[in-house]
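Protein chains: 2
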Amino acid sequence: MVQYKEVAISEFFEKNSHLLGFDNPTKALLTVVKEAVDNSVDACEEANILPGIIVKIKSVKKDVFQVTVEDKGPGIEEKYVKKVFGKLLFGSKFKSLGEAGMQSRGQQGIGISASILYSQLTTGESALIESKVKNKMHYSCRLIIDTSKNIPIIEDEKKIESVKEQGTKITLKLKGVYRRVKGPEGFLKYVAIANPHAQITFFSPEGNKKVFKRVITKLPKKPKKVKPHPHGVELGTLIKMLARTKSRTLQAFLMNDFSKVGNTGAKEICDLVKLNLQTRPNAITREQISKLMDSMEQVKLQRPPTDCLSPIGEENIIKGLRKEYPADFVAACTRPVAVYRAIPFQIEVGLVYSKELPIDKQVNLVRFANKVPLFYQQSECGIYKAVVKTQWKRYGLQQPSGSLPIGPLVLAVHVASIWVPFISEGKQAIAPYPEIVKEIKLALSELGRKLQRYLSAEQRKYARERKRKLYERYAIEVATSLSNITGKNKDDIMGLLKKEIDKRGR
Amino acid sequence: MVQYKEVAISEFFEKNSHLLGFDNPTKALLTVVKEAVDNSVDACEEANILPGIIVKIKSVKKDVFQVTVEDKGPGIEEKYVKKVFGKLLFGSKFKSLGEAGMQSRGQQGIGISASILYSQLTTGESALIESKVKNKMHYSCRLIIDTSKNIPIIEDEKKIESVKEQGTKITLKLKGVYRRVKGPEGFLKYVAIANPHAQITFFSPEGNKKVFKRVITKLPKKPKKVKPHPHGVELGTLIKMLARTKSRTLQAFLMNDFSKVGNTGAKEICDLVKLNLQTRPNAITREQISKLMDSMEQVKLQRPPTDCLSPIGEENIIKGLRKEYPADFVAACTRPVAVYRAIPFQIEVGLVYSKELPIDKQVNLVRFANKVPLFYQQSECGIYKAVVKTQWKRYGLQQPSGSLPIGPLVLAVHVASIWVPFISEGKQAIAPYPEIVKEIKLALSELGRKLQRYLSAEQRKYARERKRKLYERYAIEVATSLSNITGKNKDDIMGLLKKEIDKRGR
Chain A
7 MVQYKEVAIS EFFEKNSHLL GFDNPTKALL TVVKEAVDNS VDACEEANIL
57 PGIIVKIKSV KKDVFQVTVE DKGPGIEEKY VKKVFGKLLF GSKFKSLGEA
107 GMQSRGQQGI GISASILYSQ LTTGESALIE SKVKNKMHYS CRLIIDTSKN
157 IPIIEDEKKI ESVKEQGTKI TLKLKGVYRR VKGPEGFLKY VAIANPHAQI
207 TFFSPEGNKK VFKRVITKLP KKPKKVKPHP HGVELGTLIK MLARTKSRTL
257 QAFLMNDFSK VGNTGAKEIC DLVKLNLQTR PNAITREQIS KLMDSMEQVK
307 LQRPPTDCLS PIGEENIIKG LRKEYPADFV AACTRPVAVY RAIPFQIEVG
357 LVYSKELPID KQVNLVRFAN KVPLFYQQSE CGIYKAVVKT QWKRYGLQQP
407 SGSLPIGPLV LAVHVASIWV PFISEGKQAI APYPEIVKEI KLALSELGRK
457 LQRYLSAEQR KYARERKRKL YERYAIEVAT SLSNITGKNK DDIMGLLKKE
507 IDKRGR
Chain B
7 MVQYKEVAIS EFFEKNSHLL GFDNPTKALL TVVKEAVDNS VDACEEANIL
57 PGIIVKIKSV KKDVFQVTVE DKGPGIEEKY VKKVFGKLLF GSKFKSLGEA
107 GMQSRGQQGI GISASILYSQ LTTGESALIE SKVKNKMHYS CRLIIDTSKN
157 IPIIEDEKKI ESVKEQGTKI TLKLKGVYRR VKGPEGFLKY VAIANPHAQI
207 TFFSPEGNKK VFKRVITKLP KKPKKVKPHP HGVELGTLIK MLARTKSRTL
257 QAFLMNDFSK VGNTGAKEIC DLVKLNLQTR PNAITREQIS KLMDSMEQVK
307 LQRPPTDCLS PIGEENIIKG LRKEYPADFV AACTRPVAVY RAIPFQIEVG
357 LVYSKELPID KQVNLVRFAN KVPLFYQQSE CGIYKAVVKT QWKRYGLQQP
407 SGSLPIGPLV LAVHVASIWV PFISEGKQAI APYPEIVKEI KLALSELGRK
457 LQRYLSAEQR KYARERKRKL YERYAIEVAT SLSNITGKNK DDIMGLLKKE
507 IDKRGR
């Protein structure tokens, strides 16, 4: 007899932890830092608090590290702490198909509990969670996940008075390998670039302290929730929305449950599908729903709203890059909001040109999705593909075919969206949707033109400088000869010549 | 206030269907066929039945197809049907860390329910499931998945008498794009190669019927369940195993819950960690467990057992390739069982050389994992990397650096394991673990030597043939001249010359 059983999601991801970014110890250490920091920044922004985060990595023994991430965010209510950290697929950010959504760093409610899962799998130790909500007691507990049931097991629960105002802190031990450049410190540097309003303090396993300073004291515009747009909704989603809606007429359903459908739009859609505006949503047959979807697709509507997105902004990209790199030239470009499969997204790009960077190497490409740096799977990422497809020779850079351009540059590309289409749950590369790749290329060519103007100006300046030096070298000879011929004072002639060189050299 | 909620696994995968192989309509159609066929072959073999499978794809309207997969396997008990098809993470094949496992096509209990999820999302239609268990009524129902709860919703349930002996049949509609070569038909052809004991009948959307014939009537050796090996067990897994075990002493635990630990091994481990053999498993402290793991790692033990694997076998690979390709030369090689991270695996390779295949193109690489063809992400797959790293010039083939070799060949590589390390849940590429890549290279070089012997023999034969043709062309002239000189009969001389050519040409 075949034995069937139900598998808990934790058990599935415990065995398949490589799907979540834990496929090797170097990546695992980075992933833990990333998930905790993402959550902290999200929580601070949500609560209108400027993010201040402390990340500590301590070496426990060979290939085992203790990671602590602490913020001054709003804290998490005691009753939620256990589930947020001790249960996979529990959180505040996951939006079902058909539900209203907005841009956020986390998307699923998996990352931080998966980190705890990996920690207990590799070291057998529980995680320490501390949370202080304003005007409440300081709460702490040690926690492991019972993977067979996907529930937390709590040890050592404590509530104490504390002078600390508010914040969340997580401490866990895991098997890992520490790398400085392409590891947690590099990650935090990139976080600092995309989030110049955050102050991040990092203590490395070697005992060094590094502060990534806050250079902007204004919080980014808070993204708003946005309902799905009628164009691009799948049939199954529409069926579900109709079954779940609180609207009592088809008209109300179309106008309330979708974005950008007004009176006229609703009427046009209903006319096309030959349904009365007053039809009850639950009275619509499967066949009619299928036709309804086609009509929704056909009717002309405004594009999805854009206030669900929170771009970094050109000015802030420039500030972020300038504070982390030596720079001779910095530029940025934020594109208008665009749409793929009815989902709004926005592209931003920035660059640093610096003579202190290597001149004969590929540019350093820094990828971001919703302000979070992406570290792995670069060559599969839509961002990389767009950079490679851009004709950088036009903008004054060398570029071997099929490669990144060559030059002393850092190139930053940010994709902001209410739903970033990652190619895997490890969230390290963005699927190369044609609409996204196209927008990135447009942004890059705008940036490229700025670069080109700078490089041409630099070249002209250089040429002028060379010319001036050449003139000056011969001016003395000319002045001496002219003085001999004309009998006039040599210094006077020299003065006149210099004036002339200055005038022409400008 | 932040709103938290629990997310059902179905809702997660509904939104993230690209993680499971549904990232585009071409791949989606293939994935549905793949998941259903995998399940059918597994079920037949499990029940000692030679697999006989019928796959039908019908075009419903533009980009919508109806897929039917029917087998004569044991059927599924009525009480399980709803969950197997209507619930994600429910099945018979998932093994938790620390549980005994064996080679099988499916691994997770996700594939077929995810197919139904995708079907209902894109067409809004329920799936039709039919199941006939021997000596029971014919059961059928239509089924959709309530994604918010990860439970099936059953419509139209029927039980009728039927003359049909047994089997399972699934019918579903989905948005898809049909491709002939790199689509379902190509997939089934490869299935037929790796499973020459299966008979597969395919009806294409164009109305063509194609039969992939069974050429072996013996079922493959049935793999046995194998317990984890002490080398390579993670600490978290060991803690869980100790908590769950039914053994009442540490000695019994080591000997019963692991493979290849005998009396001596158990004693050595206990001595090293300074624990009594009679210690109760639940009385061991965290600290002791950590030391126990180190001891288990240190003690010398036999390698993991190999009867958990079911390779195709050299003879069957040759039969499988011969029946699906025109062939001048076919060879195969099955390696001994090897181990990565304490998990047994086995590599098999085969090749077809045929003058009917293109001579100036890259060889056609066909990848298999547990007898299932892999279609996507070739360049990220450990199999591809091993083929590219092999020095094919040694074996008589051209090979541009970093590429597959060039020549009129089909190259098949099979990785069999109780746990195939796929790089993503779409199960299309195998992680390039060094042990796996090395074994594949060893198998390929063995195969390469066979190919080289064939090609050299072919070259010698060709050279002889050319020589003989040259001799024959001049023989007549020589015979005529000799006849003129000697006055002997020309035909007699010609006869003698021909005899001589034949002798030398051999």
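Here the protein sequences come in this chain order: A and B.
Numbers given in my numbering equal positions in the first sequence, counted from 1, plus 6.
Numbers given in my numbering equal positions in the second sequence, counted from 1, plus 6.
The C-beta atom is built at its ideal place from N, Cα and C for all residues, glycine as well.
In whole angstroms, what is the alpha-carbon distance linking A:I55 and A:D44?
14 Å
Distance, B:G454 Cα to B:Y401 Cα
5 Å
Return the residue from the list B:P234, B:A289 and B:N282 that minimises the CA-CA distance to B:N262.
Of B:P234, B:A289 and B:N282, the residue nearest in Cα terms is B:P234.
Taking the Cβ atom as the reference point for each residue, do B:G81 and B:G173 lie within a distance shorter than 7 Å?
yes
Below 8 Å on the Cβ atoms is my contact criterion, and I expect A:I60 with A:V73 to pass it. Report the Cβ-Cβ distance as a whole number of Å.
In this structure A:I60 does not touch A:V73 by the C-beta definition: roughly 11 Å separates them, more than the 8 Å allowed.
Hey, A:G189 and A:L380 are a contact pair by Cβ (cut 8 Å); roughly how many whole angstroms apart?
Not a contact, Cβ separation roughly 15 Å.
Compile a chain-ordered list of the residues in the segment 411–437 of chain A whose CB is closer than 9 Å to at least one CB of chain B.
W425, P427, F428, I429, S430, E431, G432 and A437
Can you list, in chain order, the residues of its chain whose CB lies under 6 Å from that of B:I159, leaving out five sequence neighbours each side?
I150 and D152
Indicate the three-state DSSP secondary structure (helix, strand or coil) for A:D300 in the structure shown.
helix
Is B:I122 close to chain A, meaning its C-beta is less than 7 Å from at least one C-beta of that chain?
no
With H, G and I counted as helix, E and B as strand and the rest as coil, what does DSSP make of A:N370?
strand
From the DSSP output, in three-state form, read off B:F264 for me.
coil
To the nearest angstrom, how far is it from the Cα of A:K456 to the Cα of A:G115?
40 Å
Under the DSSP definition of a beta bridge, which residues are partnered with A:F208?
Bridge partners of A:F208: A:V61 and A:K216.
Tell me the DSSP secondary structure of B:H237 in three-state form.
coil
What residue from A:F96, A:K216 and A:L127 has the CA that sits closest to A:I118's CA?
A:F96
I want to see whether chain A comes within less than 7 Å of B:E441, judged by CB atoms only; does it?
no
Starting from B:R148, follow the beta strand (DSSP E) in both directions and report where the run begins and ends.
H144 to D152
Find the residues of chain A that neighbour B:D29, judging by a C-beta separation of less than 9 Å, and give them in chain order.
P427, I429 and A437
What number of angstroms, rounded off, separates the C-alpha of A:F19 from the C-alpha of A:Y145?
28 Å
Classify A:Y86 as helix, strand or coil using the three-state DSSP reduction.
The DSSP-derived three-state label of A:Y86 is helix.
Looking at the strands, I want to know which residues DSSP matches up with A:F428.
A:I436
Check whether the Cβ of B:G192 lies closer than 7 Å to any Cβ atom in chain A.
Contacts with chain A at 7 Å (Cβ-Cβ) do not include B:G192.
Residue span of the alpha helix (DSSP H) that contains A:C50, given as start and end
P31 to E52
For a contact defined as C-beta to C-beta under 8 Å, what are the partners of A:G130 on chain B?
L241, G242, L244, I245, R292, I295 and S296
Assuming contact is defined by CB atoms lying nearer than 7 Å, are B:V369 and B:G326 in contact in what I supplied?
no
Should B:E240 be labelled buried (16 or more other beta-carbon atoms within 10 Å of its own) or exposed?
buried
If you run the structure through DSSP and keep just helix, strand and coil, what is B:E20?
Three-state DSSP puts B:E20 in a helix.
By DSSP, does A:S423 sit in helix, in strand, or in coil?
Reduced to three states, the DSSP call for A:S423 is strand.
Spell out the partners DSSP gives B:E161 in its beta bridges.
B:R148
In angstroms, rounded to a whole number, what distance separates the CA positions of B:Q465 and B:L357?
19 Å
What is the DSSP secondary structure of B:D334, counted as helix, strand or coil?
coil
Inter-stretch contact (C-beta, 8 Å, three-pair minimum) for the segment 127–146 of chain B and the segment 84–100 of chain B
Flag = yes, the segment 127–146 of chain B and the segment 84–100 of chain B touch.
Say whether chain A places a C-beta atom closer than 7 Å to the C-beta of B:K21.
At a cut-off of 7 Å between beta carbons, B:K21 contacts chain A.
Closest Cα partner of A:R2 within the set A:L278, A:E76, A:F428 and A:L417:
As displayed, chain A neither begins before 7 nor continues past 512, which places residue 2 of chain A out of reach and without an answer.
How many Å lie between A:D48 and B:P411 at the Cα?
50 Å
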